[in-house]
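Okay, structure first, notes after.
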Amino acid sequence: MTNHLNFCMMATTLTWIYADRLKTNPERRHKVKGRTSFAFSDIRRIIAEAALDPDFERVCPKYSSSPVNSVVTVLLRMVA
0 MTNHLNFCMM ATTLTWIYAD RLKTNPERRH KVKGRTSFAF SDIRRIIAEA
50 ALDPDFERVC PKYSSSPVNS VVTVLLRMVA
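For the sequence shown, numbering that gives the first Met the number 0 assigns the number 0 to the initial residue and increments by one for each residue that follows.
Spelled out as structure tokens, the structure:
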């Protein structure tokens with residue numbers, strides 16, 4: 000249970016870091032009167048669309064062999 004929580008918190012943090020680095024604020028999918036800021040679900044949608052894009056492998060190439068000291072390996076080791 001603790002590992003699951005840690006992995007979820009890591010994913011949430013990475014999502015907000017991604018959102019912080021966007022050049023423009025994403026458009027709200029579900030507009031709410033009086034709110035101008037975007038929501039977490041708007042960022043998740045952008046990430047999902049990018050991951051399903053055919054050019055995704057150009058941005059994040061598949062490795063033929065797993066890198067030994069990659070950031071992902073380190074993060075996954077921390078939550079395991």
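Glycine residues also receive a C-beta, built at the ideal position from the N, C-alpha and C atoms.
Does DSSP classify residue 38 as helix, strand or coil? For the purposes of this step, residue 38 is taken as the residue at position 39 of the sequence shown. Three-state result, residue 38: coil.
Beta-carbon proximity check, residue 27 vs residue 37, cutoff 8 Å: As a first step, residue 27 must be located in the sequence shown, where it is residue number 28. As a first step, residue 37 must be located in the sequence shown, where it is residue number 38. Contact: yes.
Cβ atoms of residue 42 and residue 10: under 8 Å apart, would you say? Here residue 10 corresponds to residue number 11 of the sequence shown, with the count starting at 1. Here residue 42 corresponds to residue number 43 of the sequence shown, with the count starting at 1. The answer is no: Cβ separation not under 8 Å.
How big is the Cα-Cα spacing for residue 20 and residue 73? To locate residue 20, count along the sequence shown from 1; it is residue 21. To locate residue 73, count along the sequence shown from 1; it is residue 74. Their Cα atoms are separated by approximately 22 Å.
Report back the beta-carbon spacing between residue 47 and residue 55 to the nearest angstrom; my notes put them in contact at under 8 Å. The residue you call residue 47 lines up with position 48 of the sequence shown. The residue you call residue 55 lines up with position 56 of the sequence shown. With 8 Å as the limit, residue 47 and residue 55 do not qualify as a contact, their Cβ atoms being about 11 Å apart.
Using the C-alpha atoms, what's the distance from residue 51 back to residue 31? The residue you call residue 31 lines up with position 32 of the sequence shown. The residue you call residue 51 lines up with position 52 of the sequence shown. Using only the alpha carbons, I get a separation of about 28 Å.
Helix, strand or coil for residue 26? Go by DSSP, reduced to three states. Within the sequence shown, numbered from 1, the residue matching residue 26 stands at position 27. In this structure, residue 26 counts as coil in the three-state DSSP scheme.
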